[in-house]
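Chemist: Pasting in a structure now, in structure tokens, and then I'll have a few things to ask.
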Amino acid sequence: MTKDNLELHPRRAAPQRSDFLWGASTSSFQIEGAAHLDGRADGIWDVYSRPPGRVKNNDSGEVACDHYHRYADDVALMRELGLNAYRFSIAWPRVLPQGRGAPNETGLTFYDRLIDALLKAGIEPWVCLYHWDLPQALDDLGGWQNRDIAGWFADFAALIAHRYGDRVKRFATFNEPGVFTLFGYGFGWHAPGVADKAALFKAIHHVNLSHGAAIDVLRASVRDASLGAIHNRQPCYPCTDSPADAAAALRFAAYWNDAFPSPQHFACYPPDVAEAVAPYVQPGDMARIARPLDWFGLNHYSPHYIKADANLIGASFGAPPDDVPRTAIGWPIVPDAFRDTLLDINARFRLPIYVLENGTAADDKFDDAGQIQDDSRIAYLKAYIEAMQQAIAAGADVRGYFVWSLLDNFEWGAGYSQRFGIVYVDYATQRRIPKASARWYADMIAAQRNREVPAPRGNRMESG
Ligand code: FCB
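Sequence positions in the sequence shown follow the numbering used here and run 93 to 556.
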């Protein structure tokens, strides 16, 4: 956005719709623990984290935040903060230990208890089917590289829909397919640790097919279902003025931003990706993928600065310019890029938008009073929420904001070294200690409630 059109996007907040949701997000592998209890089998992250040196400090998801046992306290905490909604994911290896076949009743009852506790607390459950924990038994059969996975995923979706669809209406198929395919099958940085061009493009196409298959199942099985997928999306700026970096940034954006939303919404792949997935696409596939959706789920933290590289997509992450402020772990802080991303999504996809992840890691330390005064996180959240409100004032149909994350948790390759929670977790005792940002978030939610206007008439939750 240039200075000229700031007039069009005034720096003032619009009144809040009364159905606007303020929430928090987590994921199963990052918080549950109980990795080998009550019938849960290995997932790819259990196996990937086992050899020393893969995850920082050789951390694992074995215990994590022990949410499996402490979910009731965690729900009580959410209630105290005044959250309207909570997004979590279902651990596929907990409910279907072999990925298909016999379900694990004990695992299924954990989510019954969690969902019932949320509803009792007046918090709307948002379920994401897949937040990166594929059953190892399916990876042994090729995982996302095997086209049969579309059927396995649809069967998993059917199990979840029939079990919880009476109480849960909001379902997302995938969390950040652009990240787990590129990092897990292209760069080898995430489970299952594969770095291979064919593997990457097979995985991309099969994840898209699985998305379409699961949407059909959810739509047919859950009355009043409200369905979407959760995409990472951010501007990809070239690191330098060189034509090579400019071309790399465009190429990277095609994979990162469009390899999933374009087929899912418009039944086509961006040109670079289309050529690479062509060998795996069968007649009728694009129609199977592009199923009607109710909302666009966005995860956004910062823009990317991209440079040319000899790797398998010809582009990689570079350093931001020196004058761009950064978080404690070096992620650029550019709230305007968030506002522009929301406006861009609004214009392209013409669906209600839910921000399903935004937040920051910080260098959280206890002060003398035993509190964590995480001012840098508060400043980040404030700036990003203001940017969202500018986008809303300029016409973006944003209906909810979920902070990442409720709790400090297992941050993939960084293990427990990066703390993204608004609530501190003392991993030695599993004590939860709300940080200053949690109190700030609760106060902000309460204050926003006073600025509400009724949702436009005739709009169901998502239509409109
Ligand atoms: C996102 C992931 C989430 C968490 C945050 C920090 O990419 O969806 O699990 O790791 O980043």
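We treat Cβ as the ideally placed atom computed from N, Cα and C, and that holds for glycine.
Just to confirm the assignment: which complete alpha helix (DSSP H) runs, minimum length 4, are found wholly within the stretch 305-364?
Modeler: Counting whole runs of 4 or more residues, the stretch 305-364 contains the alpha helix (DSSP H) stretches 335-345 and 353-358.
Chemist: Run through DSSP, which three-state label would F248 get?
Modeler: Of the three classes helix, strand and coil, the one that applies to F248 here is helix, per DSSP.
Chemist: Determine the contact status of T118 and F180, defining contact as a CB-CB distance below 8 Å.
Modeler: Yes, Cβ-Cβ distance for T118 and F180 is below 8 Å.
Chemist: Q481 and H392 - do their beta-carbons sit closer together than 8 Å?
Modeler: No, these two residues do not count as a Cβ contact at 8 Å.
Chemist: Within the same chain, show all residues whose beta-carbon is closer than 6 Å to that of H101, passing over the 5 residues directly before and after it, in chain order.
Modeler: Its pLDDT being 47, under 50, H101 is placed unreliably by the model, and nothing is read from it.
Chemist: CB-CB under 6 Å to Q122, same chain, minus the five flanking residues each way: which ones, in chain order?
Modeler: Correct list, in chain order: N501 and F502.
Chemist: Kindly list the residues whose CB is nearer than 6 Å to the CB of E544, restricted to its own chain and excluding five residues on each side of it in sequence; keep chain order.
Modeler: Excluding sequence neighbours, E544 sits near Q108 and S110.
Chemist: Is V447 near the ligand FCB, going by C-beta to nearest heavy atom under 7 Å?
Modeler: No, since every heavy atom of the ligand FCB falls outside the 7 Å radius drawn around the Cβ of V447.
Chemist: Alpha carbon to alpha carbon, how far is F512 from R523? Give it in angstroms, no decimals.
Modeler: The straight-line gap from Cα to Cα measures roughly 16 Å.
Chemist: Buried or exposed, going by whether 16 or more other CB atoms sit within 10 Å of the CB of R142?
Modeler: Flag for R142 reads exposed.
Chemist: Between the stretch 190-208 and the stretch 224-239, are three or more C-beta pairs nearer than 8 Å?
Modeler: Short answer: they touch.
Chemist: What did DSSP end up calling Y493 once you bin it into helix, strand or coil?
Modeler: Correct three-state label for Y493: strand.
Chemist: With DSSP as the reference, identify every bridge partner of E544, one or two as the case may be.
Modeler: According to DSSP, which records beta bridges pairwise, E544 is partnered with Q108.
Chemist: With a 10 Å radius around its C-beta and 16 neighbouring C-beta atoms as the bar for buried, classify P548 as buried or exposed.
Modeler: Burial call: exposed.
Chemist: For S468 and A420, which I take to be in contact (beta-carbon distance under 8 Å), what is that distance rounded to the nearest angstrom?
Modeler: Right, the Cβ-Cβ distance comes to about 7 Å (below 8 Å), so this counts as a contact.
Chemist: On the three-state DSSP scale, how would you describe H396?
Modeler: H396: strand per DSSP, three-state reduction.
Chemist: I'd like to know if the stretch 212-219 and the stretch 169-176 are in contact, where contact means that at least 3 CB-CB pairs between them fall below 8 Å.
Modeler: Output reads yes: the stretch 169-176 touches the stretch 212-219.
Chemist: Between the beta-carbon of A530 and the beta-carbon of V515, is there less than 8 Å?
Modeler: Closer than 8 Å, so yes.
Chemist: Any contact of the stretch 441-461 with the stretch 386-406, i.e. 3+ C-beta pairs under 8 Å?
Modeler: Yes, since at least three Cβ pairs between the stretch 441-461 and the stretch 386-406 fall closer than 8 Å, the two stretches touch.
Chemist: Tell me which same chain residues have a C-beta within less than 6 Å of the C-beta of P362, skipping the five on either side of it?
Modeler: Once the five neighbours on either side are set aside, the close Cβ partners of P362 are A346, D350 and S354.
Chemist: Quick check: is any heavy atom of the ligand FCB less than 7 Å from the C-beta of D152?
Modeler: The sequence shown places Ser at residue 152, rather than the Asp named in the question. No, the ligand FCB has no heavy atom inside 7 Å of this Cβ.
Chemist: Say yes only if the C-beta of V545 is nearer than 7 Å to one or more non-hydrogen atoms of the ligand FCB, and no if none qualify.
Modeler: No.
Chemist: Could you tell me which residues DSSP pairs with F279 in its beta bridges?
Modeler: Beta-bridge pairing links F279 to no other residue.
Chemist: Distance, Cα to Cα, I537 vs I470?
Modeler: Cα to Cα, I537 sits roughly 13 Å from I470.
Chemist: Is the stretch 371-378 touching the stretch 281-298, taking contact as three or more C-beta pairs under 8 Å?
Modeler: Output reads yes: the stretch 281-298 touches the stretch 371-378.
Chemist: So which of E172, A164, G135 and E154 has the shortest CA-CA distance to W532?
Modeler: When each option's Cα is compared against that of W532, the closest is E172.
Chemist: Whole angstroms is fine: what's the gap from A133's alpha carbon to C157's?
Modeler: Roughly 18 Å separates the two Cα atoms.
Chemist: Give me the Cα-Cα distance between I307 and Y329, rounded to the nearest whole angstrom.
Modeler: Straight-line Cα distance between these residues: approximately 33 Å.
Chemist: What are the boundary residues of the alpha helix (DSSP H) that D165 is part of?
Modeler: Its alpha helix (DSSP H) spans residues H159 to L173.
Chemist: How close, in whole Å, do the beta carbons of A407 and R343 come, if the pair is a contact with beta carbons under 8 Å?
Modeler: Indeed they touch by this definition, with Cβ atoms about 5 Å apart.
Chemist: Regarding W496 and the ligand ATP, is the C-beta to nearest heavy atom distance less than 7 Å?
Modeler: The ligand ATP is absent from the structure shown, which contains only the ligand FCB.
Chemist: Could you check if E172 belongs to the surroundings of the ligand FCB, using beta carbon to heavy atom distance under 7 Å?
Modeler: No, the Cβ of E172 stays beyond 7 Å of every heavy atom of the ligand FCB.
Chemist: Does G451 pass the burial test, meaning 16 or more other C-beta atoms within 10 Å, or should it be called exposed?
Modeler: Buried.
Chemist: Take I322 and list the residues in its own chain whose beta-carbon comes closer than 7 Å to its own, dropping the five residues that flank it on each side.
Modeler: For I322, where only same-chain residues beyond five positions count, the Cβ hits under 7 Å are C220, A264, F266, N267, E268, G389, N391 and L448.
Chemist: State the DSSP-derived secondary structure class of G285, mapped to helix, strand or coil.
Modeler: DSSP places G285 in coil when its eight states are reduced to three.
Chemist: Is H282 closer than 8 Å to G505 when the C-beta atoms are compared?
Modeler: Yes; because the gap between Cβ atoms is below 8 Å, this pair is in contact.
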